[in-house]
Each structure stands twice: as C-alpha cells, then as structure tokens.
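The sequence shown lines up with residues -22 to -1, 1 to 631 when you count with mature numbering (1 follows the signal peptide of the UniProt record, and there is no 0).
Yeah, the Cβ is synthetic: ideal placement off N, Cα and C, and Gly gets one too.
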Amino acid sequence: MKHFRIVIFLFTLIFSGANCFAQEISLSPLFGDGMVIQRDKPVSVFGEAPANEKITVLFRDQQKQAVADENGKWKIELDSEVYGGPNNLTVKTKNETLEIKDVYVGEVWICSGQSNMEMPLLGNWAHVNNAEEEVAHADHPNIRLFMVDRNTSFQPETKMESKGWKTCTPESCKEFSAVAYFFGRDLLENLNMPIGLIQTAWGGTVAEAWTSAETLKNIADFREKVLQIEKNPTSKEELELKYKKDLAAFIQETGEADKGINGKDTIFASVDLNDADWMPMNLPGMVESTKIGSVDGTIWFRKTISISDENANKEMTLHIAAPDDADETWFNGVKVGESTEWDVPRQYKLASNLVKPGRNVIAIRLSDYRGAGGFVGEASHFALTSEDGFRMELAKNWKCKVGYDLKDIKTIPMELNDPNQPTVLFNAMINPLIPYSFRGVIWYQGESNTGRAKQYEELFPAMINDWRSKWGGEDFPFIFVQLASYLKRNTEPVDDSWAELCEAQRLTLKLPNTGMAVAVDIGDAKNIHPGNKQDVGKRLALWARNKVYGENIPYCGPTYKAMLAKNSSLVVEFDHCYKGLTASDNREVTGFAIAGKDGVYHWAKAKIDKNTIILSSDQVTEPVSVRYAWSSNPDCNLINSAKLPAGPFEAKL
C-alpha cells in the first residue's frame, strides 16, 4: 500500500509539474541573444503570456511592468536609451525568467523589397562584384543581422519565423542582403555604433503584396481584389479547394479569351495564317516599349523565314532569348517546346522533317503574368543552327499580337502561397515586426510593377504612409532605390515602361522624409540583378548620413528643379549640384530629349551653364517638354561635383 501511494505521488508530481515547467512567456524572434535595440527612442517589448499574468521587463536601470490581456498579449514600453552594450534584457513572470544576452543599443533599419534587396552576398544566383573578397572581410561584431523567413498570409499575423539575430561574420553574412550589408557597413564606419539590419524581402514581388488591406481598399485598382480576399475561407483545406476550382475556371476563360486559340486549334501558330496586320517588332525587347503598351496575359510572336534546299531536312536547334515570363513555341505548326523559367534562354530541337525547303514559320506564345513582358538578352540569342555550322540570325522582323489581356479575365485564382497577392507579404512579413522600434527603412523594389507606373504613382506613397501609420504615425526615414538600367540601349528616344516606373518613384519624393538612391549608371543590360551592390548601399547610406544623422556631405545626384523656355531652347535648372554639373565620361552631356506640342521627342544638344542645362534641337523649334535618361538602359552621363548621377525624369512647361 505504501509503495502504491509513492507511485501515485510521483505520477501526480510529474504531470502537475509539466504545467509548472511549461514556458509561459512567448517572445518574437526579434527578442533574442545578439539583438539590437533602437537608441534614443522608446522601445516596445511585446509578446504573449497566460491571460492576466504580470510581466516584468528589466533593462539597464529600468524596470517596467504590464499585465497580459484576456488574449494573453502584452506590451511594455521602455524609455529611450543611449547607444552601447552589451547588456542583458530580462523578461519574467512569477514562474519564469527569460534572459536575453549580448544586447546592444544602436541603429536599427528595416531592409525590404524584392530580389535586388534579397540578393545575398554569396549564393547560387548571386553575383555581387568581388563577392568572395567582400565576404572574407565581413567580420563586424557590431553589425547584427536578422532575416525574416519567407511567408504569406491572407490575414495579418503577429508571429513569424526567423533564425534570429546573428553577429556579422564571413560565414553569417553570405545569405544576407548585399545591399543591406553594404548600407550597414557604411553606417558602422561613419557612426561607430552598433547597427541592426532586419531583412524582410522576397524576390519577384509587387508593392501591393507589401501593403495592408486597409490601405489597398482606398485605391480603386485594388479594392475589389482585397474585398474578395477578405471573403476567402480561413481554413487551408477550403482555400486549396477554392484555388483548384478557380484555376480550372481560369484555364477555361483564358483559353476562350485568347484570340490565338480556338478550342484545340492554335490558329496563331498556323503556317497559313495571314499576319499582315500584326505589329512589327525586333527582338529581344519588351512589349511595353511598343505601341501595344502595358499588358499582362499572352502575346503571340511570329516570324517567317526561308530555308534553302541545301539546308532543308536537317536536324536543327531553335535558339530563343529568355522569355519574361513563359513560352510555348511552334515550328511550322508543330509545338517544339515550352517552359515557365522566366530568365533562361531556350534551345529547342527540331526534327529534320520539320525543316522545309522555302517558307517556314516560327510562332511563340509568350505568357506574361506581371510587370514587363517580352524577351531578355542579346540579338544573337535568336538563331537557327545545325551541327554542320549553319546559322541563321532571327532577331529582326518579328510580328506580334496580343492573345488576351488579363484585365478581361473574371476569375483569377489565388494560390495559397503566391507572394504576389495583395496584402499577403504585409500580413506575414511586416505586421509581425510591429511595434518593434527602428530608425528607418531602405527599400529596393519596382521591377515587378513595371507596366503599371501610373498605378505605382499612387500605390507606392500609399504603402509608405501605410507602414508609417501602422507604427504610430511617425514619418520615419524611408529611402528607396530608383530602378537600375537594364536591357538593350535604344538609339532613338522612346516611350518606356521602365522609365515611367522610375518617374513614379521620383515623384514619391513629395512625401516627407523620403530619399532616393539613383542607380541608372550601375545597372546591367543583360541582368535585372546588377552586381554592383556596393554603390547602391553607399548611396542609400549617404542620404541617411546627411538627412538622418546630420553629417554635412553630398547625398544625392543633380535633381530637377525648374524649367523655362528661351527662344527655341529649354533651360533646365537643377538642385544638388554642389560645386557644379559635369559629364561623367568627358563627352558632351547626353541623355536629354525634348519635344514640342506634338509630343514627339528628339535628342537634344545639351550645354552646361552653372547649375542649368540649355537644351536645343534642330527638329524642335518650340520645345515644351524634356525627358532625361528615358529608357530602360539610357545613354546618360550627367553628374554633379560629388560624382553622383542624375536620375531619369520628365518635365513639361
């Protein structure tokens, strides 16, 4: 009997003790060893605990208390602290104590955007200039790195996943944002205090994904989509069923809407189709830069070639530059290949019986899901070759026509993990950071919104104000990167969706406490992810050092100020010239185009006169508007005495 009582006692002790030793305090990964607290600002410490539990937080000489609400949530605001460390941050209840060690007080920045912010120092797809040397010297104990794991949600989340804070070492920095690292390194070298960098970025994503539902409902283009999202079922299983149903409807609708498809027949791939009324286009290039303009959906391309008797009936390879986003390709009406890899050139094998003597027809159905659509690469990437040395260049004299426009499709499936749905990245990767204290934001994004510049002109400032509102209304510094140059260079002035997006970014500077780092001179014609991330980080840091930290240094390139007409010329005045304007390469100033009332732009002769540029063209007698660096990859060279470049802009009298 005594033995039985002892067993019962031990059994009771063990299982009642399980509750005693269960963790009561739940903290965000932001609160962990090695963290950085923002200096000179009140600091919010927040988490979860049992309902009505008293929480005590101790840091340096401070001791603050709060009581968890009925849902177990609590928040304590510490008084502002001066920079320094290391210290311990203690969070405790009556039953539990959490000790967070190696805590520093310094400068904290959120680093967000798409792939050019996400691009790491080293990795399979990264190609940062001098990456291995940079990483080898990245031993900075006073830089701390925090990376938010990728995630999506249709509802605002308070929790996130992360591996926590890491001290910057050659090993820990490899997977971290190169732009953020170079920005933080510059701050460290000039401020000499702890720097905390919070990376929350996802490649290929649109700005509306990073914006809250409350804000998007006030923008006409997104209101219906957000209301639709709010009506979605909440369970994962129901969402998956809805996605499958909507996907089936989408496939049916797009098939019916595509002018190039009639049931099972791909009529736009037919050899006998009359394409005389199709728009001519040389490739590679983006459709948005043509008369077709901005369109998401499908665009068909056709090219007729002639094969000699000598080269007919040979096995050949059809080479196509990288489609943006996906392709299906036919040769003489027979499908020869398809792929959804958006950045990979295609090589499709052609059987000998497909290659006819005389007339042959190539047809490509390009699917463009968002942003700019077309082909990326060199003219030489379009070719027909055989193993015996035959080669036919194919870049010129294509014809194109829209199959369907996504705007006309009623059912757009919402995939559970698609990061490009409105609100989903704000909900999962921004909202969980609130209300953590920080100094400001650096942002590199916009590529995925090209083709929708007018919309972005409203969306981007709204997103910035959205974040500011969610953190209590403070106009914290928000510094962004204007898109870098990309794609082939135009020989004549053009209308260009990339430049239009750059202009939308520039106009966002109307918001208070915003800054822009120009990158038009450090892009890569062949790669949307330029390797020069050092100068991007440096230029972001220049703005921060001047505007945030009060350092009296040049912080940006020349910016448009005013314009007037004088005789048959335009006189354009610039701010931020410092000791004057000049050309970066000892040539005449290039990159300016002017237009009269007809709106047709012509290259302009540019003459520097102190802080102004005098523009004229023999082809424009009464100019009324100017564009500078107005293309995806402009030939432009205007800089100031600090060797910082002017960015793309447009102005009218």
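For residue j and residue i, the rounded distance between their alpha carbons
i, j, result
"residue 638", "Asp80", "No answer is possible for residue 638: it lies beyond the span of the chain, which begins at -22 and ends at 631."
"Asp563", "Leu518", "23 Å"
"Ile592", "Met407", "47 Å"
"residue 712", "Ala341", "Here the chain comprises residues numbered -22 to 631, so residue 712 is not present and cannot be evaluated."
"Asp553", "Lys539", "6 Å"
"Pro28", "Val35", "16 Å"
"Leu631", "Tyr464", "29 Å"
"Gly91", "Trp188", "8 Å"
"Asn260", "Lys374", "5 Å"
"Val312", "Gln399", "35 Å"
"Leu344", "Pro323", "13 Å"
"residue 636", "Asn94", "The structure shown does not extend to residue 636, since the chain is modelled only from -22 to 631, so the question has no answer here."
"Gly351", "Glu111", "36 Å"
"Ile387", "Gln483", "29 Å"
"Ile285", "Tyr579", "40 Å"
"Ala290", "Lys334", "5 Å"
"Ser603", "Ser190", "37 Å"
"Ile78", "Gly62", "16 Å"
"Gly162", "Lys516", "9 Å"
"Ser358", "Asn505", "16 Å"
"Trp256", "Val106", "41 Å"
"Ile54", "Phe37", "12 Å"
Nearest residue (CA-CA) to residue i, options the options
i, options, result
"Asp11", "Pro439, Asn66, Asn395 and Asp18", "Asn66"
"Thr537", "Met259, Ala482 and Pro623", "Pro623"
"Val496", "Glu481, Asn505, Phe9 and Trp320", "Glu481"
"Phe441", "Leu411, Asn468 and Leu489", "First, the amino acid is wrong: residue 441 is Met here, not Phe. Comparing Cα positions, the closest option is Leu489."
"Met494", "Trp521, Leu123 and Met392", "Trp521"
"Thr599", "Glu628, Arg605 and Ser546", "Ser546"
"Thr428", "Thr401, Asp383, Ser610 and Ile531", "Ser610"
"Val514", "Asp499, Lys525 and Lys504", "Asp499"
"Asp366", "Glu288, Asp383 and Gly336", "Glu288"
"Asn170", "Pro119, Asn210, Leu219 and Ser317", "Pro119"
"Lys209", "Glu628, Thr590, Phe124 and Met392", "Met392"
"Lys32", "Glu74, Thr318 and Pro20", "Glu74"
"residue 648", "Leu217, Leu166, His507 and Lys583", "Nothing about residue 648 can be read from this structure; the chain reaches only from -22 to 631."
"Trp476", "Pro439, Phe438, Ala431 and Glu435", "Ala431"
"Leu123", "Val60, Pro148 and Asn331", "Pro148"
"Pro455", "Glu628, Thr492 and Leu175", "Thr492"
"Gln1", "Glu435, Asn30 and Thr71", "Thr71"
Assigned secondary structure, residue i (DSSP; H/G/I helix, E/B strand, else coil)
i, result
"Glu478", "helix"
"His(-20)", "Because the pLDDT of His(-20) is 41, which lies under 50, any placement of that residue in the model is unreliable, and the number read from its coordinates should be weighed accordingly. Helix."
"Ala(-5)", "Confidence at Ala(-5) is low in this model, with a pLDDT of 39, below 50, so the placement of that residue should be treated as unreliable; the coordinate-derived value is given next. Of the three classes helix, strand and coil, the one that applies to Ala(-5) here is helix, per DSSP."
"Asn524", "helix"
"Val60", "coil"
"His115", "coil"
"Ser93", "helix"
"Phe161", "helix"
"Ser595", "strand"
"Ala561", "strand"
"Arg337", "strand"
"Gln230", "helix"
"Arg201", "helix"
"His554", "coil"
"Leu332", "helix"
"Trp87", "strand"
"Phe246", "helix"
"Ala357", "helix"
"Asp305", "strand"
"Tyr347", "coil"
"Glu77", "strand"
"Ala191", "helix"
Closer than 9 Å to chain B by CB, residue i
i, result
"Asn240", "No chain B appears in the structure shown, which is made up of a single protein chain."
Does the segment 416 to 435 touch the segment 128 to 141, meaning 3 or more C-beta pairs lie closer than 8 Å?
no
Taking one C-beta from the segment 76 to 94 and one from the segment 43 to 54 each time, how about it: are there three or more such pairs within less than 8 Å?
no
Whole alpha helix (DSSP H) elements within the segment 380 to 449, 4-residue minimum
431 to 448
Which runs of the alpha helix (DSSP H), 4 residues or longer, sit entirely within the segment 460 to 519?
475 to 485
Length at least 3, wholly inside the segment 249 to 293: the beta strand (DSSP E) runs in chain order:
257 to 259 and 275 to 285
Counting Cβ pairs closer than 8 Å, one from the segment 361 to 375 and one from the segment 435 to 449, do we hit at least three?
no
Using a Cβ distance threshold of 8 Å, determine whether the segment 300 to 309 contacts the segment 228 to 239, with at least three qualifying pairs required.
no
Any contact between the segment 375 to 395 and the segment 270 to 289? By contact I mean 3 or more CB pairs, one from each, below 8 Å.
yes
Count Cβ pairs between the segment 567 to 574 and the segment 611 to 629 that sit closer than 8 Å; are there 3 or more?
yes
Is it the case that the segment 401 to 417 contacts the segment 449 to 456, given that we only count it when at least three CB pairs across the two stretches are under 8 Å?
yes
Three or more C-beta pairs under 8 Å: does that hold for the segment 55 to 66 against the segment 153 to 160?
no
Within the chosen definition, does the segment 122 to 136 reach the segment 174 to 188 through at least 3 CB pairs nearer than 8 Å?
yes
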